[in-house]
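Comments concern the structure below.
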Amino acid sequence: MSIISVHNLSKKFGDITAVDDLNLEVKKGEVLGFLGPNGAGKTTTIRMLAGIIAPTSGYAEIAGQRTDGNIERLHEVIGLLTETPALYDRLTAERNLKYFAGFYPIVGITPQVEKYLRLMGLWERRKNRAGTFSKGMKQRLALARALLHEPQVLFLDEPTSGLDPEAAQEVREMVKNLSSQGRTIFLSTHNLTEAEQLCHRIAVIRTKLLVLDTSENLRNRFFRQEVNIRLENPSITIINAVKRLDFVDDVEEKDNRLIVRLTEPDKNHPELVKEIVDAGGRILGVSEAEHHLEEIYLKLIREEKENGI
Ligand SMILES: Nc1ncnc2c1ncn2[C@@H]1O[C@H](COP(=O)(O)OP(=O)(O)OP(=O)(O)O)[C@@H](O)[C@H]1O
Ligand SMILES: [Mg+2]
């Protein structure tokens, strides 16, 4: 069941189309990675979904609340972490959270604020002004702010950008925890390793939605899977024998290895190995070539640029 449904969502700023006819569904409990180059429309999309700005056309429904409906009720079901966390520098961490908690129908603000200060490791620093916090601490405070009213859906716009590796890892762990509690997370990021680690599915946007799938499916779709075969005795006879197989798309030889592109990798492995052995090849090892999300992403963005969509 979808907890987020986006219907023909578009946003124009004057002549600039920031988001063009976006349609997507996010399932309850899913972490969706929202990727795209600078200016692709990620923040604009999140701001529309969170009811901060109005779309030019289209709408979304989030946990039963429509973006063109009662915005207060929409805000009750979502939590938002923006690119630049809005906190009052001159208020203490605790005062900040109590202040923002006042906007929601929260029963027991004090224990709720304590819960999230502790969860974010800020309890000891609760009496310090937010303005004196490091970037990572501010980010954790902003995340606490986004969670105070226990929203079912969280929008995180580049939650780890500008954080040191340790602070970024802490935020990622937090995202994993929230996801394991069954919350739905819509996460924009430029960190592709992060997206691959955290997200069940990946959406790539460049004004229009380019793809939306699991990273595994994207890998299969963008790279006909390759197998690496390490040989003791590579020869032209072996290469030609492999090339003749109808399920082989391409063969390349490199440092005593054959890199073979197959149409259906799992199915074709045994026959491929048999053919090499029959042709006199002595196999030292067989492994699948790994492609990271980064390669897929770059390929996709490049292809899309060339096609000039
Ligand atoms: N308030 C605004 N007024 C005019 N143009 C805007 C406004 N907000 C965004 N845009 C334009 O909309 C496009 C999309 O911007 P957006 O901030 O959504 O991109 P993004 O994908 O979040 O990029 P980044 O990765 O840099 O954060 C850009 O061309 C931007 O200049
Ligand atoms: Mg942005």
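Count along the sequence shown starting at 1, add 786, and that's the number in my numbering. Using N, Cα and C, we set each Cβ at its ideal position, and we do this for glycine too.
DSSP, read as helix, strand or coil, puts residue 913 in coil. In the three-state reduction of the DSSP assignment, residue 1018 falls in the coil class. By the Cβ test, the stretch 802 to 809 is not in contact with the stretch 967 to 986, since fewer than three Cβ pairs between them sit closer than 8 Å. With at least 16 other beta carbons inside 10 angstroms of its own, residue 790 counts as buried. Three or more Cβ pairs closer than 8 Å define a contact, and the stretch 1078 to 1089 meets that threshold against the stretch 987 to 1002. Rounded to the nearest whole angstrom, the CA to CA distance from residue 1061 to residue 1006 is 24 Å. Using a Cβ distance threshold of 8 Å, residue 863 and residue 939 count as a contacting pair. For residue 798, the enclosing beta strand (DSSP E) starts and ends at 788 to 799.
Taking a C-beta distance under 8 Å as the contact criterion, residue 874 and residue 916 qualify as a contact pair. When DSSP states are grouped into helix, strand and coil, residue 998 belongs to the strand group. Put simply, the backbone Cα of residue 799 is about 26 Å away from that of residue 1089. In this structure, residue 1027 places its C-beta atom within 8 Å of the C-beta atom of residue 1065.
Residue pairing from DSSP leaves residue 837 without any beta-bridge partner. Excluding the 5 residues flanking it on each side, residue 788 has same chain C-beta neighbours closer than 8 Å at 811, 812, 813, 814, in chain order.
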